[in-house]
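J.: Please find one structure pasted underneath; my questions will follow.
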Amino acid sequence: MSDRLRPESVSDLPVSAGALLKALRDAPPLTHCITNAVVTGFTANVLLAVGAAPAMVDIVGESEMFAGIASGLLINLGTPTPEQRAASLEAVAGAAASGTPWVLDPVAVGALPVRTPLARGLVERRPTAIRGNASEILALAGLSTGGRGVDATDSTDAAADAAVSLAQQFGSVVAVSGPIDLITDGHRVLRLSNGHELLTRVTGGGCALGAVMAAFLGAARATGADALTAVASASLVYTVAAEHAAEKAAGPGSFAVALLDALASVSPADLVTAGRVESSVR
Amino acid sequence: MSDRLRPESVSDLPVSAGALLKALRDAPPLTHCITNAVVTGFTANVLLAVGAAPAMVDIVGESEMFAGIASGLLINLGTPTPEQRAASLEAVAGAAASGTPWVLDPVAVGALPVRTPLARGLVERRPTAIRGNASEILALAGLSTGGRGVDATDSTDAAADAAVSLAQQFGSVVAVSGPIDLITDGHRVLRLSNGHELLTRVTGGGCALGAVMAAFLGAARATGADALTAVASASLVYTVAAEHAAEKAAGPGSFAVALLDALASVSPADLVTAGRVESSVR
Amino acid sequence: MSDRLRPESVSDLPVSAGALLKALRDAPPLTHCITNAVVTGFTANVLLAVGAAPAMVDIVGESEMFAGIASGLLINLGTPTPEQRAASLEAVAGAAASGTPWVLDPVAVGALPVRTPLARGLVERRPTAIRGNASEILALAGLSTGGRGVDATDSTDAAADAAVSLAQQFGSVVAVSGPIDLITDGHRVLRLSNGHELLTRVTGGGCALGAVMAAFLGAARATGADALTAVASASLVYTVAAEHAAEKAAGPGSFAVALLDALASVSPADLVTAGRVESSVR
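Protein chains in written order, with the working numbering: chain A, 1 to 282; chain B, 1001 to 1282; chain C, 2001 to 2282.
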């Protein structure tokens, strides 16, 4: 998957991310989201703000065909009703048949008995990308029983081995969200240190990032960028926008509003100015 | 339906809309909404802001009786779960039995296989009003297969014939949302050119307008205003408020917040000052 | 239940509330919410803002075990789908088995035929606290058929006897929200007159308070505060924050944003400065 990602390209991530951001805004990717009831509206607003076209289609009988025409797909397991569980399986089948890239966000996997086997079954379907906090990535890799609900109780570095292992086993790009975002394709490991603590004080701060990853994967189909670049670009755009938002925020409420404004205004040049990316090879 | 709407009354739409806005605030209409999971909270906040009383009752076994006591009803097909599909049919039966005016918003009709036959069945029940973007109105009239999801890929003018045809066939007021809002009862055609592009960057920007139409139809029962006036008044209030909001917005996040503030503060006098309405006869 | 609440302690409610707020922020209680689709996101944001850890787990098969590990539980009946109804019964069983305190918010009980028997069945399970507006408390006590949907059509004082009666019958702390919040354990009665009218112009203004009560009950397990103090503390923190927010708001949209900011910044000292509490004994 990472043939095109040469070592020298990593230092260019902010430049690549800027090009992909421009491509996304020029041709908004139809981003199909099956996500949890808590963050549906915020996720759609995040996608609209950054320049993508959200479609929250989570109905059985519609999800397979829609995943086939979408540019990218997100499956988020935050509140997996029976209808959403069936729709998720449909959508993944539709994505597989059409080559639509898709992101799995295994919210609270490990501790909870319905979503945990569902997440394990979905990861076997080889998602293009997996996004979670450290506890979720450890639990998905079978190395932990997960945090308590949506909290991360493990550090990003503690999940690095699990992330690389998952990436190698399933051919996925794995993104571990935290104070430092770790993103790996199983060979190369990127660490992004942009972002702001207020992202953890807004519900959907992580879930919406999964949707942005799906949108960037959709945009990358048109430009030929690889999946690692697309996922890392989404993280960089999102976390740089979060830094802009934090400058204007008086607390978590005004931060969430300012984040939407910042996602609409963040520019390719901003990514070059602000991006903090390190890379290594496993 | 439009006996009371004489040609000269059209130039008075801003005045009529102001009177209806005042009546709505003096006696908040109980507005029953069965709407999609993405916009439920925003829709309720829009109704509260403008002065109506929202009630998001979408449970089987409660929807029929509640539609009977409500002042107005919205059926929005954005995320039609099996529970919502059954509740919608219940609610429409309750509305019909009690004379409660109701609005159908056939989100993404045409492309998607579950909601499309549902929408076609509901329109046969003769909604008081139908609201959609151009692609949805064309698809509902059977003249197109719809856009891709919630995007409008057709222009308002392209949907004018479909809107008039739907209005004549089902006795509904039909509203086509877009840069220019076209509203028709099948005979008279109003074009409103208020509004702002940021409405398309906020999820629920259109869906919430459907709820406001249901609220104004509820208020119109008390004042004796006809359905065309009620629907056009809702559009005018909403789009003038959007213009006020855009003046204070730094992007889509702050725009959504300012829209709620503006819906609470917009006055009858503002409508007269800012309203841009044209009319014609088919 | 109120052995520890002596008469003199009531005048110290602002001090007790400040201590509990500090305890909550030092050890964020995992707050399990089964709540309605309209306010899920806002409720989670309110909990995050004040310092708690929300988890919106409303799936059958997960709710019982999760209520057992949570610090506090909210059951809100605003949009009780079949899945949520079954999950609520599971969760209450889990809470009972583990001693997890739980709050019942019987939204729109009385008028609506599905939630009304559900609420009556749940109250028999002896919730730690019950929160509603005056109409809902009267309906739950069997003294009224409820308001029209979520509106309160009765005054707080009219519900005082019903609140005391419910509290005595089920061993619950009962909170009646309104311009004055009345909170009773069936013996002592507290009246809090903080707050702001804009809370009624934001959807979830009351529902989110129920979640904050569950969080404070969770925090009280660690500090040994009793349930009356915990519920009253939640109300005081929330309504003092609302006053702070109203000072910065230009309308209901900016108020909701400012409320989240204020919940994050409100301090124990603010409660002492601003708190307005009266007490009596029945």
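Each residue gets a CB set at the ideal place from its N, CA and C atoms; glycine is no exception.
(1) Taking only three categories from DSSP, how would you classify T1043 (chain B)?
(2) Determine whether the Cβ of V257 (chain A) lies closer than 7 Å to any Cβ atom of chain B.
(3) Which residues of chain C have a Cβ atom closer than 7 Å to the Cβ of S254 (chain A), listed in chain order?
(4) Give the straight-line distance between the Cα atoms of A1215 (chain B) and A262 (chain A), rounded to the nearest whole angstrom.
(5) Could you pull out every residue in the same chain whose Cβ sits closer than 6 Å to the Cβ of A1245 (chain B), ignoring the five residues on either side in sequence?
(6) Comparing the C-beta of I1059 (chain B) with each C-beta of chain C, is any distance below 7 Å?
(7) Name, going along the chain, the residues of the stretch 1191 to 1203 of chain B whose beta-carbon falls closer than 7 Å to a beta-carbon of chain A.
(8) Leaving out the 5 sequence neighbours to the left and right, which residues in its chain are closer than 6 Å to S2235 (chain C) when beta-carbon positions are compared?
(9) Using only alpha-carbon positions, find the residue among A:S177, A:T79, A:D12, A:I75 that is nearest to A91 (chain A).
(10) Secondary structure at E247 (chain A), three-state DSSP: helix, strand or coil?
(11) Please identify, using Cβ separations under 7 Å, the residues of the stretch 238 to 254 of chain A that lie next to chain C, in order along the chain.
(12) Please list, in chain order, the chain C residues whose beta carbon lies closer than 8 Å to that of A1037 (chain B).
(13) Could you name the residues of the same chain whose beta carbon sits closer than 7 Å to that of D270 (chain A), not counting the 5 residues immediately before and after it, in chain order?
(14) Is it right to say G1121 (chain B) is buried, meaning 16 or more other beta carbons lie within 10 angstroms of its own, or is it exposed?
(15) So what's P1101 (chain B) in DSSP terms, helix, strand or just coil?
(16) Are the beta-carbon atoms belonging to L73 (chain A) and W102 (chain A) less than 7 Å from one another?
(17) Could you tell me which whole beta strand (DSSP E) segments of length 3 or greater appear in the stretch 11 to 39 of chain A?
(18) Let me know the secondary structure DSSP gives D1157 (chain B) once reduced to three states.
(19) May I ask you to list, following chain order, the residues of the stretch 2083 to 2113 of chain C that have a beta carbon less than 7 Å from some beta carbon of chain B?
(20) Can you list, in chain order, the residues of its chain with a C-beta nearer than 7 Å to that of P7 (chain A)? Leave out the 5 residues immediately preceding and following it.
(21) Hey, how far is the Cα of A2052 (chain C) from the Cα of G2041 (chain C)?
(22) If we call anything under 7 Å between Cβ atoms a contact, is A158 (chain A) one with T184 (chain A)?
(23) Just the chain C side, please: which residues come within less than 7 Å of T1040 (chain B) by C-beta, in chain order?
(24) Do you know how far the Cα of R2025 (chain C) is from the Cα of H1032 (chain B)?
(25) A1055 (chain B) lies in the beta strand (DSSP E); which residues open and close that run?
(26) Would you kindly work out how many angstroms separate the C-alpha atoms of D1058 (chain B) and Q2169 (chain C), rounded to a whole number?
(27) Just how far apart, CA to CA, sit L209 (chain A) and I130 (chain A)?
(28) Based on Cα-Cα distance, which residue from A:S233, A:E247, A:A250, A:G251 lies nearest to A23 (chain A)?
(29) Counting only Cβ pairs nearer than 8 Å, list the residues of chain C close to P179 (chain A).
(30) Go through its chain and collect everything with a Cβ distance to V266 (chain A)'s Cβ below 7 Å, but skip five positions before and after it.
(31) Whole angstroms are fine: how far does the CA of N1133 (chain B) sit from the CA of A1219 (chain B)?
(32) Could you compute how far the alpha carbon of V1107 (chain B) sits from the alpha carbon of T1200 (chain B)?
(33) Chain A partners of T1273 (chain B), CB-CB under 9 Å?
(34) If you run the structure through DSSP and keep just helix, strand and coil, what is V2257 (chain C)?
(35) Is it true that the CB of V114 (chain A) sits closer than 7 Å to the CB of G2061 (chain C)?
(36) Please state whether the Cβ-Cβ distance between L228 (chain A) and V173 (chain A) is less than 7 Å.
T.: Taking the structure as given:
(1) helix
(2) yes
(3) V2257, D2261
(4) 34 Å
(5) F1255, A1258, L1259, A1262
(6) yes
(7) R1201, V1202, T1203
(8) D2181, L2192
(9) A:I75
(10) helix
(11) A250, G251, P252, G253, S254
(12) A2037
(13) V240
(14) exposed
(15) coil
(16) yes
(17) 30 to 34
(18) helix
(19) L2112, P2113
(20) Low confidence applies here, because P7 (chain A) scores a pLDDT of 44, under 50, leaving its location unreliable and the question unanswered by this model.
(21) 14 Å
(22) no
(23) A2037, V2038
(24) 38 Å
(25) 1053 to 1055
(26) 32 Å
(27) 11 Å
(28) A:S233
(29) Chain C residues near P179 (chain A): none, gap ~17 Å exceeds 8 Å.
(30) V237, V240, A241, H244
(31) 24 Å
(32) 14 Å
(33) None at all; the shortest Cβ gap to chain A is about 28 Å.
(34) helix
(35) yes
(36) yes
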